[in-house]
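This report concerns only the one structure given below.
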Amino acid sequence: MSKFDKVIGYEDIKAELIRICDVVKNPEKYAKLGVLMLWGDPGLGKSLMAQCFIEESGCKSFTIRKDKPDGDLVNVIRDVFEKAKAEGRAIVFLDDLDKFANEDNQHPDAEEYVAVQACIDTCKDSDVFVLATANDKWCLPDSLLRSGRFDKVIELECPEGEDAVKLVKHYLSQKKSMGDVDAVEIARIMVGQSCADLETVVNEAGIFAGFDGRDKINHQDMLRACMRMIFEAPEYIRVKDYQVDKYVAVHESGHVVTNEVLFPGSVNFVSVCGYIGSNAGVTNVYREADRERSKEHMERYVICKLAGKAATEVVLGLSDVGCSVDMGKAFCTVAELVEDLCAYGFDTYVRGKPSDALLMKKEQLIAAQMNSLYQQSKKILMENRVFLDNVIEALLEKKTLSQRDIKIIRDSI
Numbered sequence: 001m002s003k004f005d006k007v008i009g010y011e012d013i014k015a016e017l018i019r020i021c022d023v024v025k026n027p028e029k030y031a032k033l034g035v036l037m038l039w040g041d042p043g044l045g046k047s048l049m050a051q052c053f054i055e056e057s058g059c060k061s062f063t064i065r066k067d068k069p070d071g072d073l074v075n076v077i078r079d080v081f082e083k084a085k086a087e088g089r090a091i092v093f094l095d096d097l098d099k100f101a102n103e104d105n106q107h108p109d110a111e112e113y114v115a116v117q118a119c120i121d122t123c124k125d126s127d128v129f130v131l132a133t134a135n136d137k138w139c140l141p142d143s144l145l146r147s148g149r150f151d152k153v154i155e156l157e158c159p160e161g162e163d164a165v166k167l168v169k170h171y172l173s174q175k176k177s178m179g180d181v182d183a184v185e186i187a188r189i190m191v192g193q194s195c196a197d198l199e200t201v202v203n204e205a206g207i208f209a210g211f212d213g214r215d216k217i218n219h220q221d222m223l224r225a226c227m228r229m230i231f232e233a234p235e236y237i238r239v240k241d242y243q244v245d246k247y248v249a250v251h252e253s254g255h256v257v258t259n260e261v262l263f264p265g266s267v268n269f270v271s272v273c274g275y276i277g278s279n280a281g282v283t284n285v286y287r288e289a290d291r292e293r294s295k296e297h298m299e300r301y302v303i304c305k306l307a308g309k310a311a312t313e314v315v316l317g318l319s320d321v322g323c324s325v326d327m328g329k330a331f332c333t334v335a336e337l338v339e340d341l342c343a344y345g346f347d348t349y350v351r352g353k354p355s356d357a358l359l360m361k362k363e364q365l366i367a368a369q370m371n372s373l374y375q376q377s378k379k380i381l382m383e384n385r386v387f388l389d390n391v392i393e394a395l396l397e398k399k400t401l402s403q404r405d406i407k408i409i410r411d412s413i
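Shown next as structure tokens:
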């Protein structure tokens, strides 16, 4: 059994760490030991992986953290490296290396980093392996990150796909849960969130279940926890004005329908329970196609962004005045198509200082394309009016709809 079995997912990174660990365990097979850094956002399990690496190696380890005042840490760094060299085969673990000094990325020459560099250089002919973790490698000096010092730099990213599903199942296995919890759906909702965030959501779901007098977490508990912890959209206790709820429901339903028509199965959930302190709702979308870039895809993206405003006009006959964020994203995307990608021709491409006439022509083309895409958004909603009305009705009743709820509505038409 490998010590790395403690880590859920990250199979490619674990495989590389195991290979590097073999260098530490069997130095006679290799020319020399090396230096390794694991970096990435907080909460991804860097320290856990580092600890697994140390346990798998079987080496004595020496850990250095920023728990001393500035100046004292420099002496600690030097003393620890000397102890490691005296040990023979050992690992020096620099935990949260980017916190060793209060330097920004413009001034990364703090004496703590100079001391680390010097100590690494003095260990080149010894059996000391240096392992480090960092949240932000960009604030470290280039001289420290270059080959010959940190030979291996591995980035950890937020878990996705099967890794995220495995983590959700792992955290759920530590609690009692109902069979209706869809780990795949929860993992899709939480794309871009850390391992720590996934664990927090499961813990919050347990609180919801316990408060309701149940000893098992159900799928609704998980959705409520996602809304509260990730999207800052807890369920309202106060009674909201029905007209406000309907306005938000119509807007969000427009996003749901266009996304489901253009990107089937892409909507994870939709809710009229908006962010704290606002009346806005939220539509959470996950599209594999967002990894791609094409004119058609970008136009469909804009159509979906304009759908909240379009639905408000189609259903309520009103001009949506709460869609500034959607408008900003839509205009930015169309501007990119016009200016940077020349998707509608080369005659608006700007080189150097543009003339007033060219700028006017460019702005007119952007506005024309926005108008065209907005009309397409309205057309989709009118052609799928039954679907739109059914989503609005269900959203007003349940406040939050999951992917499964949306599928049931669409399949019933």
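Per my numbering, the sequence shown runs over residues 1 to 413.
Just so it is clear, CB atoms sit at the ideal spot from N, CA and C, and this is done for glycine as well.
Bear in mind the structure is a predicted one, so any value in this text is a computation, not a measurement.
If we ignore side chains and look at the alpha-carbon of each, how far apart do residue i and residue j end up?
i, j, result
"V391", "E397", "10 Å"
"G58", "V23", "12 Å"
"L17", "G265", "36 Å"
"V92", "D125", "15 Å"
"K362", "V302", "18 Å"
"A132", "I20", "14 Å"
"L359", "K295", "22 Å"
"G210", "H219", "14 Å"
"F81", "E162", "40 Å"
"F263", "C304", "10 Å"
"S47", "R300", "41 Å"
"I276", "C226", "Residue confidence for I276 is low, a pLDDT of 47 falling below 50, so the modelled location carries little weight; the figure read from the coordinates is stated next. If I take the Cα positions, the gap works out to 14 Å."
"F4", "G148", "27 Å"
"E155", "K137", "9 Å"
"V334", "V386", "30 Å"
"S372", "L381", "15 Å"
"S402", "I409", "11 Å"
"D127", "I120", "11 Å"
"I50", "E336", "One detail in the question is off: residue 50 reads as Ala in this sequence, not Ile. The alpha-carbon atoms of A50 and E336 are separated by roughly 42 Å."
"D7", "G45", "Correcting the residue identity first, residue 7 is Val in this sequence and not Asp. Those two C-alpha atoms are separated by around 8 Å."
"K169", "N259", "28 Å"
"L172", "E185", "14 Å"
"V356", "D411", "Per the sequence presented here, residue 356 reads as Asp, with Val not at that position. Distance between the alpha carbons of D356 and D411 is about 52 Å."
"A415", "V202", "Residue coverage of the chain in this structure runs from 1 to 413, which leaves residue 415 outside it and unanswerable."
"A101", "P159", "29 Å"
"R228", "T63", "37 Å"
"T283", "G192", "16 Å"
"A280", "L316", "17 Å"
"T348", "A368", "13 Å"
DSSP state of residue i, grouped into three classes?
i, result
"L341", "coil"
"T283", "strand"
"K152", "strand"
"F129", "strand"
"M218", "The displayed chain sequence assigns Asn, not Met, to residue 218. DSSP places N218 in coil when its eight states are reduced to three."
"V267", "strand"
"S402", "strand"
"V239", "Unreliable placement is indicated for V239, whose pLDDT of 46 sits below 50; no coordinate value is reported for it."
"G277", "Any reading at G277 must be qualified, since the residue scores a pLDDT of 48, below 50, and its modelled position is unreliable; no value is offered."
"A377", "Looking at the sequence shown, residue 377 is not Ala but Ser. It is helical."
"R351", "coil"
"E313", "helix"
"F211", "helix"
"Y301", "helix"
"M360", "helix"
"S412", "coil"
"Y455", "It is not possible to answer for residue 455, since the shown part of the chain is limited to 1 through 413."
"C226", "helix"
"N371", "helix"
"L318", "coil"
"G308", "helix"
"V168", "helix"
"E252", "helix"
"V191", "coil"
"L140", "coil"
"C158", "coil"
Residue i bridges to which residues according to DSSP?
i, result
"V272", "None; V272 has no bridge partner."
"A134", "W39"
"S177", "I217"
In terms of alpha-carbon separation, which member of the options lies closest to residue i?
i, options, result
"E313", "Q364, V256 and H251", "H251"
"E442", "S372, T122 and K99", "Outside the modelled stretch of the chain, which goes from 1 to 413, sits residue 442, for which no answer is possible."
"K85", "M327, V130, I408 and L381", "V130"
"H255", "Y374, D12, V181 and Q117", "Y374"
"K166", "M178, R149, E199 and F150", "E199"
"A134", "E56, L36, G308 and S355", "L36"
"S61", "G88, K14 and M298", "G88"
"S143", "S377, A118 and M49", "A118"
"C123", "C139, D79, G43 and Y286", "D79"
"F231", "K216, D212, V272 and E157", "V272"
"C323", "E383, K175, V248 and A15", "V248"
Any chance you could list the beta strand (DSSP E) runs of at least 3 consecutive residues sitting entirely within the region 37–125, in chain order? Those beta strand (DSSP E) runs which fall completely within the region 37–125 and span 3+ residues are 60–64 and 90–94.
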